[in-house]
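**Student:** The end of the sequence shown is residue 1131 by the numbering used here, with every number in the run present.
Note that beta-carbon positions come from the ideal geometry of N, C-alpha and C, so glycine has one too.
Handing you a structure now.
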Amino acid sequence: MASGVGESNSVYNVKGRRCPAVARRRLITAQKKSTSNSVPIIALAGACAVGVLDHAHWIHGDHADTQDDLHWPTDISRDIVPVGCHSHNDYWRPVPLYSALQAGCIGVEADVWLFDDELYVGHTASSLTPQRTLRSMYVDPLVVILERQNPITKFQLTIARPPRGVFDADPGQSLILLVDFKTDGAATWPAVIQQLAPLRDRGYLTHFNGRDIVPGPVTVVGTGNTPFDLVTANSSYRDIFFDAPLDKLVDEESYTQNPGSGHSELHFSRTKRSNGLGQGLSGMPVTITADTFNVTNSFYASVSFKKAIGFPWPFHFTQRQIDLIRAQVRVAHRHGLKVRYWSLPGWPRGLRNHIWRVLAQEGVDILNVDDLVGATKGDWKTRIFDWWI
């Protein structure tokens, strides 16, 4: 059937999506639990996607179900190797969250809008629908995945501490959930705090306990209109970290290239910036100092590549652009933050791949990507970047 479940079929369609047979039972369960004859597309797609993760290679044929005995409790993400990519506008994927996980991306992005005490996910207000919420698309699916990754069995009598993450190949790798506040930050903040409760209550969130950072399977980072003053308001516990403005970190330290040398040598002098405006500056103090952003309150240091670095023309970086990238990476790492550039050129593909190679070589921690397959399966990496995989 076009949008239902066929018991005799090993591969079937869900709203036009081909799903492996292993997902059949989850779809049947979802239909039985539904109060109507139709199951929301998010539930169907999620059940399908879990099946895809269960069988990374999409097992086909009548003998597929006979291989259940060869599975292990935490194999939902088997054969998936995490890589340093961030799924930009993840909610546009064929199956949000799951498509990125299947590719191995360690970061996903959700733009959230607060209306009537609910957080809806979408790029614009006109794209929002009642079914697409932060809870339905990210929080609840992550709880399901992490429950699978942290089972109680006769061999494991208690939940592992720290809990295992979403990637079976690297259970210590945290998934970075970037929440982009699209509506007023102060109003949106309590709703985000509340909706993260299922992850928080199970101990799945990376948090600051007043002294140290305690790693968890999911690290939540707030960007957009996320209010920095509310991020830092509680000095004894935090589980939402800030997306610091990378260009403001560098602005604190003026740099010049050493003239006449065969290489770039940066000289720094301390200055202060006040009344900063731009990405990641909602709820900021009047004066930004070198100590404003650190690992206790921030995770990423991000900036628009297009605005901060500029288009590499003609299809290669100038020495000044390389110097600026190095300065930004150096200062962010000095603060203990991960470097991320957004608004990267995606075309032509050769230029995009060149930019990826240069950023990886210069120490950028995560690549903001739209093309998941190109970033994780493509041939843009040279042998020198094997560490990135």
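1) Do Phe1053 and Leu1079 have their CB atoms nearer than 8 angstroms?
2) State the DSSP-derived secondary structure class of Thr961, mapped to helix, strand or coil.
3) So, is His813 buried or exposed, given that buried needs 16 or more other C-beta atoms within 10 angstroms?
4) Within its chain, find whatever has a CB closer than 7 angstroms to the CB of Pro904; leave out the 5 residues flanking it on each side and keep chain order.
5) Hey, could you find the ends of the alpha helix (DSSP H) His1075 is sitting in?
6) Residues in the same chain with beta-carbon distance under 7 angstroms from Pro1087, minus the five sequence neighbours each way, listed in chain order, please.
7) Can you give the Cα-Cα distance for Asp832 and Val921, rounded to whole angstroms?
8) Output needed for Gly746: all residues of its chain with C-beta closer than 6 angstroms, excluding positions within five of it in sequence on either side, in chain order.
9) Are Thr965 and Asp985 close, meaning C-beta to C-beta below 8 angstroms?
10) Using a Cβ-Cβ distance under 8 angstroms, would Arg1099 count as near chain B?
11) Confirm, please, whether the CB-CB distance from Gly927 to Ser1046 is below 8 angstroms.
12) Curious, which full-length beta strand (DSSP E) runs of at least 3 residues does the segment 846-902 contain?
13) List the endpoints of the continuous alpha helix (DSSP H) containing Lys1119.
14) Would you call Gln937 buried or exposed, if buried means 16 or more other Cβ atoms sit within 10 Å of its Cβ?
15) Could you check whether Leu1114 and Ala842 sit closer than 8 angstroms to each other, using their CB atoms as the reference points?
16) Check this for me: beta carbons of Gly849 and Val825, under 8 angstroms apart or not?
17) Does DSSP put Val973 in a helix, a strand or coil?
18) Going by C-alpha to C-alpha distance, which of Lys1048, Arg1076, Glu1104 and Ile1067 sits closest to Phe1035?
19) Report back the beta-carbon spacing between Ile822 and Ala911 to the nearest angstrom; my notes put them in contact at under 8 angstroms.
20) At which residues does the alpha helix (DSSP H) containing Lys1049 begin and terminate?
21) Do you know offhand how far Ile1030's Cα is from Ile918's?
**Tutor:** Looking at the atomic coordinates:
1) No, Cβ-Cβ distance for Phe1053 and Leu1079 is not below 8 angstroms.
2) Strand at Thr961.
3) The residue is exposed, with fewer than 16 neighbouring Cβ atoms inside 10 Å.
4) Excluding five sequence positions before and after Pro904, the CB atoms of its chain that fall closer than 7 angstroms to its own CB belong to Pro957 and Gly958, given in chain order.
5) The continuous alpha helix (DSSP H) containing His1075 extends over residues Gln1061 to Arg1076.
6) By the criterion of a C-beta distance shorter than 7 angstroms, Pro1087 is surrounded in its chain by Phe1053, Leu1093, Arg1094 and Ile1097, once the five residues flanking it on both sides are discounted.
7) In this structure, the CA atom of Asp832 is about 11 angstroms from the CA atom of Val921.
8) Residue placement at Gly746 is flagged as unreliable, the pLDDT there being 36, under the threshold of 50; the coordinate-derived value follows with that caveat. Shown here for Gly746: not one same chain residue has a beta carbon closer than 6 angstroms to its own, the five before and five after excluded.
9) With contacts defined by Cβ atoms closer than 8 angstroms, Thr965 and Asp985 form a contacting pair.
10) Given the protein chain composition of this structure (a single chain), no chain B is represented.
11) Against a cut-off of 8 angstroms, the Cβ pair of Gly927 and Ser1046 comes out as no contact.
12) With a minimum length of 3 residues, the continuous beta strand (DSSP E) runs that stay inside the segment 846-902 are 847-857 and 860-863.
13) For Lys1119, the enclosing alpha helix (DSSP H) has its first and last residue at Leu1114 to Lys1119.
14) Classified as buried, Gln937 has 16 or more neighbouring CB atoms from the shown chains inside 10 Å of its CB.
15) Inclusion of Ala842 and Leu1114 in the CB contact set at 8 angstroms is warranted, their separation being smaller than that value.
16) Against a cut-off of 8 angstroms, the Cβ pair of Val825 and Gly849 comes out as no contact.
17) Reduced to three states, the DSSP call for Val973 is helix.
18) For Phe1035, the nearest C-alpha among the options comes from Arg1076.
19) The beta carbons of Ile822 and Ala911 sit about 6 angstroms from each other, so the pair counts as a contact at 8 angstroms.
20) Segment Phe1047 to Ala1050, the alpha helix (DSSP H) holding Lys1049.
21) Each residue's Cα considered, the two are about 26 angstroms apart.
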